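Enquirer: Numbering (the numbering used here), first residue to last: 21 to 734. Once you've had a glance at the structure underneath, I'll fire off some questions.
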Amino acid sequence: MSKLLEAASAEDLDVLYGLWLESLEGDPPWREMGRVLKVLHSTGRPGPAEELLELVIAERESEGGEGFESFLLESAEIFHVCEPLRKALVELLRDRHLMFQPLELFLKTSGLRDQGADVAGAWRKLRSLMKYRDGGYLYHPAFGTGRISRISRTHVTVDFPEAPNHDIQLEVALDTTIPLDPSSLAVLASRDPQEFMDLVSDSPGDFLERLLDEPFTGSGGSLSKDGLAPLAYGGNIDLDELWKAVRKAAASTGGFADLGGKVVALDEGAELVEQLRTLIRERKVSVSKKVHRIQSMLKSYSGPVPGDLTELLPEVTGLAGPETGALFELSWILSGRGAAAGFQTVRKRFTETSAARAERALGEIRSQSCRRAYIESFLSETEDGEEKTSLLSCLRRSLWEHAVEFLETSDPEFLSACIGSFLSRPSDTELFLWSLTYMATRHGSEGIAEGEEPGYGVELFLDNLFYASADTQKRVIGLLTGPLREELNRFLDSIDTRRLNRYIETYDASATAHNEGLFLVLGRELSRRRSTGMRRSGGRHFFWEGATVFSSREAIQDRQEDIRRLKQEEIPAAAEAIGVAASHGDLSENAEYSAAIEKRDLLLDRLKRWSEELQSFSPYPVDLIGTNLVSPGVRVTLQDTGESEEVQVLEVVGPLDSDPELGRINYMAPLGRVLLGRSQGDVAELPGSDGREWRIVSIEVLEMVGNGQAPPVT
């Protein structure tokens, strides 16, 4: 929801006025502003709505524009006495329909031209009058449906089927005819009687709905034979056959009842229970369609539904077929949304016991509330824990959350085992994160995995959240930046800058992370570290956590020499080879030329990559390297804590110095990262050591760590 709509819904008028003025300064969100006025009207605040409207008219009427004009026309439907709006509408209509001769008569007849007029009422009348125009249609009781061929300030010429080019005074036409939309059924009946009758037989429900909207059928939601006379004018359609078709359509369509002399919407008091009984017994109609029709019929009642619908439950239990979900929903509807005592017996009959069939049944149920009732029934009646877990695994989030809440009270022991199962399957990201969210909501992030280090729950969220759907991301981020904000801050304090950068790079690609504020939290933590050099909690900041990459002075000088050789020797030689190869003839079939081009491109790419990398290299900072802590530039002696007491020596070095065969490990590699920051006596489990633990016996500064500044980068 936009800020404008939020302020309107919250009835915060001071904030709303400020936002409204800001919106008028640029390109106003006209549609959104129109919705704001409707919200204010619907909540009983027409005064503020009128003030905002008058402000828009005063500020933007001179500029006009399509958006402003649409805004005015939309406002005309909801405001009553509002002089600025009335005047603006009149001027707009005069500008839009400058050459439309009857406009002034229509403005007068509708009342829109009168000071103090009811704008909404006058606007409805004017919209109806504007149907009288070239190419429009009207109905005349003596001539039937006709098409307007010409209209002037005083007369209208109409082509009726039996009276073409019939001229009528315009004011007489306004008194004796009914304007029609081009989509009117009367127009269709006049132009194409066969298509009209096909609509009656093929789409009876749509036909009845459209028929009730026709201006000649009257009001009150009822249809009579006499009211259909305009459709049968001229003899192309038999009125008696049409009336039979309407009654047949009413009998087969939910929401209508045939009372003999008229067809009415069901809220006029038809015998509902018998109507429903007849529909339930209909053999050729699927249960799903029966549910849809019965729902439509019940929704059409404005007051209490007459009759006891539970007496129809035996009719439902007598039905046979595979649509158990639809049968469950039908029983649920007839028992007052499951409130009647008889439903408890019926529901067991239609509740499946396997997850696959239950999932299919849920797909047949239309109502979300009924789906929840079905899930409760399945979890209560099914004894097989694997089947229950399987169904939970395939539910959508809202239903999954409802099922979990139900199990909290009905079977907490099973719920605990089920959540544990979901948490062991991080590959199913959605289910995994829903379960994490549930645990964090109930027990806090520290209760997600007992015995783990603090912040483990937040770590799981951040490591898996990127792969979730936008909806799940939004909910989890709301949890992290809300109730778990302190845990999130503590976790960010505890990780090194490289890992923080990886999170930032990951969530930079997530629009949800940007919109919901997670990316901002990560960015602020990085900015704080750059500006203060300290962590939030006052912990140490290790020199290797920044963007600088450390190696020995000698290795950096070797890389500089490699770059010089590429620039001055290898790339010029490659260019010369291209020229030689090109002199050998047709380039399209010259393999030597293609190979020379490929080698040149490879060298250029290498030069670019090495030059960019060189910008971040720096010699080991001798003043920050010692024997009390594992860092880049040290030799570490490790001893197996097991029975073998095996010893290995590793040199933790930068990427330019690394050589695994000689025991020189890149500190940026997984093995190097495990050792960084540890002290003598610490125990670590090394990657690829099959779970063996190694104790740090000693730490020595390498000879390659020397004094002096970094060599100039060229």
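The beta carbon of each residue, even a glycine, is placed where N, CA and C say it ideally should be. The structure presented is a predicted model; accordingly, all values stated were derived computationally and were not measured.
Opposite Asn521 in the DSSP bridges: which residues?
Expert: Translated into the one-based positions of the sequence shown, residue 521 becomes position 501. DSSP output for Asn521 lists no bridge partner at all.
Enquirer: Mind checking which residues open and close the beta strand (DSSP E) that includes Arg147?
Expert: Along the sequence shown, one-based indexing puts residue 147 at 127. Run containing Arg147: none in the beta strand (DSSP E); it sits in the alpha helix (DSSP H), 139 to 149.
Enquirer: The beta strand (DSSP E) with Gly166 in it runs from where to where?
Expert: By one-based count along the sequence shown, residue 166 stands at place 146. 164 to 171 is the span of the beta strand (DSSP E), which, as asked, contains Gly166.
Enquirer: Cα separation between Leu259 and Glu302?
Expert: Taking the sequence shown and counting its residues from 1, one reaches residue 259 at position 239. Taking the sequence shown and counting its residues from 1, one reaches residue 302 at position 282. C-alpha separation (whole angstroms): 29 Å.
Enquirer: Whose CA, out of Gly701, Leu520, Arg211, lies closest to the CA of Glu565?
Expert: Taking the sequence shown and counting its residues from 1, one reaches residue 565 at position 545. Out of Gly701, Leu520, Arg211, Leu520 has the C-alpha closest to the C-alpha of Glu565.
Enquirer: Just the Cα atoms here: how many angstroms apart are Ser130 and Ala140?
Expert: Locating residue 130 in the sequence shown gives position 110, where the first residue counts as 1. Locating residue 140 in the sequence shown gives position 120, where the first residue counts as 1. Using only the alpha carbons, I get a separation of about 11 Å.
Enquirer: Based on the DSSP output, what are the partners of Asn686 in its beta bridges?
Expert: Within the sequence shown, numbered from 1, the residue matching residue 686 stands at position 666. Asn686 is bridged to Val673.
Enquirer: As a quick exercise: from Glu536, Asp179, Arg550, Asp154, pick the residue whose alpha carbon is nearest that of Gly164.
Expert: As a working mapping, residue 164 is identified with position 144 in the sequence shown. Closest option to Gly164, Cα to Cα, is Asp179.
Enquirer: Just grab the DSSP bridge partners of Thr177 for me.
Expert: On the sequence shown, position 157 is the one that residue 177 refers to. In DSSP, Thr177 forms a bridge with Arg170, Asp187.
Enquirer: Run through DSSP, which three-state label would Ala529 get?
Expert: Here residue 529 refers to the residue found at position 509 of the sequence shown. Three-state result, Ala529: coil.
Enquirer: What number of angstroms, rounded off, separates the C-alpha of Phe348 from the C-alpha of Leu208?
Expert: Numbered from its first residue, the sequence shown carries residue 348 at position 328. Numbered from its first residue, the sequence shown carries residue 208 at position 188. Whole-angstrom Cα-Cα distance: 42 Å.
Enquirer: Quick one: any contact between the region 710 to 721 and the region 661 to 676, if contact means 3 or more CB pairs under 8 Å?
Expert: yes
Enquirer: Specify, as a first and last residue, the run of the alpha helix (DSSP H) that Ala28 falls within.
Expert: Along the sequence shown, one-based indexing puts residue 28 at 8. Ala28 -> alpha helix (DSSP H) spans 23 to 29.
Enquirer: Looking at Ser82: is its Cβ nearer than 8 Å to the Cβ of Trp50?
Expert: Here residue 82 refers to the residue found at position 62 of the sequence shown. Here residue 50 refers to the residue found at position 30 of the sequence shown. No, the pair does not count as a contact, with Cβ atoms beyond the cut-off.
Enquirer: Between the region 695 to 709 and the region 524 to 544, do at least 3 Cβ pairs fall closer than 8 Å?
Expert: no
Enquirer: Can you tell me whether Gly289 is buried or exposed, with buried defined as 16 or more other CB within 10 angstroms of its CB?
Expert: Within the sequence shown, residue 289 is the residue found at index 269, counting from 1. Confidence at Gly289 is low in this model, with a pLDDT of 42, below 50, so the placement of that residue should be treated as unreliable; the coordinate-derived value is given next. The residue in question, Gly289, is exposed, as its Cβ has fewer than 16 Cβ neighbours within 10 Å.
Enquirer: Which residues does DSSP pair with Gln659 in a beta bridge?
Expert: Locating residue 659 in the sequence shown gives position 639, where the first residue counts as 1. According to the DSSP secondary-structure assignment, Gln659 is paired through a beta bridge with Val667, Arg715.
Enquirer: Can you list, in chain order, the residues of its chain whose CB lies under 6 Å from that of Asn256, leaving out five sequence neighbours each side?
Expert: One-based indexing of the sequence shown puts residue 256 at position 236. Excluding sequence neighbours, Asn256 sits near Pro213.
Enquirer: Would Ser678 be called buried (16 or more neighbouring beta carbons within 10 Å of its own) or exposed?
Expert: Position 658 of the sequence shown, counted from the start, is the residue given in the question as residue 678. The residue is buried, with at least 16 neighbouring Cβ atoms inside 10 Å.
Enquirer: What did DSSP end up calling Pro199 once you bin it into helix, strand or coil?
Expert: Indexing the sequence shown from 1 puts residue 199 at position 179. Of the three classes helix, strand and coil, the one that applies to Pro199 here is strand, per DSSP.
Enquirer: Quick check on the burial criterion: 16 or more other C-beta atoms within 10 angstroms. Buried or exposed for Met554?
Expert: Taking the sequence shown and counting its residues from 1, one reaches residue 554 at position 534. Residue confidence for Met554 is low, a pLDDT of 46 falling below 50, so the modelled location carries little weight; the figure read from the coordinates is stated next. Exposed, by the Cβ-count rule.
Enquirer: Would the region 589 to 598 and the region 535 to 553 be scored as touching if the rule is three or more Cβ pairs under 8 Å?
Expert: no
Enquirer: Taking the C-alpha atoms as reference points, what is the distance between Glu720 and Asp578?
Expert: The residue given as residue 720 occupies position 700 in the sequence shown. The residue given as residue 578 occupies position 558 in the sequence shown. Rounded to whole angstroms, the separation of the alpha carbons of Asp578 and Glu720 is 25 Å.
Enquirer: Can you give me the Cβ contacts of Gly558 inside the same chain, cut-off strictly under 8 Å, excluding the 5 residues immediately before and after it?
Expert: Locating residue 558 in the sequence shown gives position 538, where the first residue counts as 1. Confidence at Gly558 is low in this model, with a pLDDT of 44, below 50, so the placement of that residue is unreliable and no value is reported for it.
Enquirer: For the structure I just gave you, are there three or more beta carbon pairs, one from the region 302 to 311 and one from the region 340 to 354, closer than 8 Å?
Expert: Enough Cβ pairs lie closer than 8 Å, so yes.
Enquirer: Give every residue of the same chain whose Cβ lies closer than 7 Å to the Cβ of Leu512, excluding the five residues on either side of it in the sequence, and list them in chain order.
Expert: Here residue 512 refers to the residue found at position 492 when the sequence shown is read from its first residue. Correct list, in chain order: Leu520, Glu545.
Enquirer: Give every residue of the same chain whose Cβ lies closer than 7 Å to the Cβ of Arg684, excluding the five residues on either side of it in the sequence, and list them in chain order.
Expert: On the sequence shown, residue 684 is found 664 positions in, with the first residue counted as 1. Excluding positions up to five away in sequence, the list reads Glu671, Val673, Asp677, Ser678.
Enquirer: Hey, Leu399 and Ser447: beta-carbon distance below 8 Å or not?
Expert: The residue given as residue 399 occupies position 379 in the sequence shown. The residue given as residue 447 occupies position 427 in the sequence shown. In this structure, Leu399 sits away from Ser447, with a CB-CB distance that is not shorter than 8 Å.
Enquirer: Between Ala375 and Ser636, what straight-line distance do the alpha-carbon atoms span, to the nearest angstrom?
Expert: For the purposes of this step, residue 375 is identified with residue 355 of the sequence shown, where counting begins at 1. For the purposes of this step, residue 636 is identified with residue 616 of the sequence shown, where counting begins at 1. If you take the alpha carbons of Ala375 and Ser636, they lie about 57 Å apart.
Enquirer: Which residue wins for smallest C-alpha separation from Gln189, given the options Pro122, Leu205, Gly247?
Expert: The residue given as residue 189 occupies position 169 in the sequence shown. Nearest option by C-alpha distance: Pro122.
Enquirer: With distances taken between CB atoms, is the gap from Arg153 to Ile168 smaller than 8 Å?
Expert: Residue numbering aside, residue 153 sits at position 133 when the sequence shown is read from its first letter. Residue numbering aside, residue 168 sits at position 148 when the sequence shown is read from its first letter. Yes. Within cutoff.
Enquirer: Hey, out of Pro199, Met119, Glu294, Glu182, whose CA is closest to Leu146's CA?
Expert: Residue 146 sits at position 126 when you count from the first residue of the sequence shown. Selected option, being the one with the closest Cα: Pro199.
Enquirer: Give the DSSP-derived three-state secondary structure of Tyr253 in the structure shown.
Expert: Residue mapping note: residue 253 aligns to position 233 of the sequence shown, counting from 1. Reduced to three states, the DSSP call for Tyr253 is coil.
Enquirer: Please report the residue range of the alpha helix (DSSP H) in which Phe511 lies.
Expert: Against the sequence shown, residue 511 aligns to sequence position 491. Looking at the DSSP string, the run of the alpha helix (DSSP H) that includes Phe511 is 505 to 514.
Enquirer: Determine, using beta carbons only, whether Ala162 and Val176 come nearer to each other than 8 Å.
Expert: Here residue 162 refers to the residue found at position 142 when the sequence shown is read from its first residue. Here residue 176 refers to the residue found at position 156 when the sequence shown is read from its first residue. No, these two residues do not count as a Cβ contact at 8 Å.
Enquirer: Between the alpha carbons of Val725 and Pro639, how many angstroms are there, rounded?
Expert: Taking the first residue of the sequence shown as position 1, residue 725 is located at position 705. Taking the first residue of the sequence shown as position 1, residue 639 is located at position 619. Cα to Cα, the separation comes out at about 8 Å.
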